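Undergrad: Just so you know, we're using numbering that gives the first Met the number 0 here: the sequence shown kicks off at 0 and counts up by one.
From the three backbone atoms N, C-alpha and C, an ideal C-beta is built for every residue, glycine too.
Fair warning: this is a prediction, and the values are worked out from it, not measured in the lab.
Take a look at this one; I'll ask things after.
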Amino acid sequence: MSKKSKPAIPRPYPLPKITVPVFCEENGFYTTKQRSYNMSQIKGKDTKPEKLLKKALWQAGIRYRSNKRNLPGKPDISFIKYRLVVFIDGSFWHGHDWENRKESIKSNRDFWIPKIERNRQRDTEINNFYQSGGWTVLRFWDFEVQKELGVCVKRVGDSIF
């Protein structure tokens, strides 16, 4: 049985790929047991904002696919028929207001700044990949979904219909 291969993201990178150091004590990065536990509890799918948007879309009669692992970037919600993907980005992990917020990172700056900048770079690469293939990409911040759910649902509906 063969698995379908993922469509390749165009290479080479238009910009130099940001390298992220390995987070370990040998590299000078330290963390407490409590912080380590907290970080291990952070989910990559089925987050609260994602569940909120999915429930609202379902109630609006908009049917979707969740976390299609075979699509590049693993979109949170996908509409393959309409060539539409939706990402719900966490404001910390994807660097909302990055130029101002990166100054507020106090611990392990040598790790977190390149990590978040690489996430932002990858987001741009994924957007370019889909757009070059004629797809529509919608990205919502987690706080947008929580505070302006109706606006998010309307944007998705407008992109489909």
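Note the first and the last residue of the continuous beta strand (DSSP E) segment covering S131.
TA: On the sequence shown, position 132 is the one that residue 131 refers to. Not the beta strand (DSSP E): S131 falls in the alpha helix (DSSP H), residues 108-131.
Undergrad: Cα-Cα, which of R68, N127, G60, W92 is closest to L14?
TA: Within the sequence shown, numbered from 1, the residue matching residue 14 stands at position 15. Comparing Cα positions, the closest option is N127.
Undergrad: So, for K32: in the same chain, excluding its five sequence neighbours on each side, which residues have a beta-carbon less than 8 Å away from its beta-carbon?
TA: Residue 32 sits at position 33 when you count from the first residue of the sequence shown. Result list for K32: empty, nothing under 8 Å.
Undergrad: Specify the secondary structure class of L70 as computed by DSSP and reduced to three states.
TA: Against the sequence shown, residue 70 aligns to sequence position 71. Reduced to three states, the DSSP call for L70 is coil.
Undergrad: In angstroms with no decimal places, state the Cα-to-Cα distance between K101 and G94.
TA: As a position in the sequence shown, residue 101 is number 102, starting the count at 1. As a position in the sequence shown, residue 94 is number 95, starting the count at 1. Approximately 8 Å between the Cα atoms of the pair.
Undergrad: For L83 versus T135, is the C-beta spacing smaller than 7 Å?
TA: Position 84 of the sequence shown holds residue 83. Position 136 of the sequence shown holds residue 135. Yes, Cβ-Cβ distance for L83 and T135 is below 7 Å.
Undergrad: Run through DSSP, which three-state label would W140 get?
TA: Counting from one through the sequence shown, the residue named residue 140 turns up at place 141. The answer is strand: DSSP assigns W140 an E or B state.
Undergrad: Counting C-beta neighbours from all protein chains within 10 Å, is the total for Y63 16 or more, i.e. buried, or is it exposed?
TA: Translated into the one-based positions of the sequence shown, residue 63 becomes position 64. Its Cβ being crowded by 16 or more others within 10 Å, Y63 is buried.
Undergrad: Whose C-beta lies closer than 6 Å to the C-beta of I17 among residues of the same chain, with five residues either side of it excluded?
TA: Reading the sequence shown from its first residue, position 18 is the one you call residue 17. Hits under 6 Å: P113, E116, R117, Q120.
Undergrad: Can you give me the C-alpha to C-alpha distance between M0 and L70, rounded to a whole angstrom?
TA: Looking up residue 0 in the sequence shown gives position 1. Looking up residue 70 in the sequence shown gives position 71. For M0, the predicted structure reports a pLDDT of 46, less than 50, and the residue's modelled location is therefore unreliable. A value from the coordinates is still provided. Going by the C-alpha atoms only, they are around 20 Å apart.
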